[in-house]
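K.L.:
Supplied in structure tokens, the structure appears directly below.
Numbering (the UniProt record's numbering), first residue to last: 1 to 73.
What follows is the structure, encoded as structure tokens:
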């Protein structure tokens, strides 16, 4: 075979690999976020209530800000 055929096969395989990798990573992240949703204010209130605390809105806001800061958001 000629060299251009090999080059074409390599380019097609590379494009296919990138596309398959993208969709596999996307599917994995969607499943991960479905199984492990990020914590929101309602979940934080529920967790604190289970620990016997009655948090104020100020305390909830402080904890959410700290969690966002630690999470790199």
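Yeah, the Cβ is synthetic: ideal placement off N, Cα and C, and Gly gets one too.
The structure presented is a predicted model; accordingly, all values stated were derived computationally and were not measured.
Please state the DSSP three-state secondary structure of residue 21.
P.N.:
Walking along the chain shown from the start, residue 21 turns up at place 21. In the structure shown, residue 21 sits in a helix (DSSP, three-state: H, G or I).
K.L.:
Would residue 37 and residue 44 be called neighbours here (beta carbons separated by less than 9 Å)?
P.N.:
Indexing the chain shown from 1 puts residue 37 at position 37. Indexing the chain shown from 1 puts residue 44 at position 44. No, these two residues do not count as a Cβ contact at 9 Å.
K.L.:
So, helix, strand or coil for residue 60, using DSSP?
P.N.:
By one-based count along the chain shown, residue 60 stands at place 60. Correct three-state label for residue 60: helix.
K.L.:
Grouping DSSP H, G and I as helix and E and B as strand, with all else coil, what is residue 53?
P.N.:
Locating residue 53 in the chain shown gives position 53, where the first residue counts as 1. Reduced to three states, the DSSP call for residue 53 is coil.
K.L.:
According to the Cβ coordinates, are residue 60 and residue 41 closer than 9 Å?
P.N.:
Looking up residue 60 in the chain shown gives position 60. Looking up residue 41 in the chain shown gives position 41. The answer is yes: Cβ separation under 9 Å.
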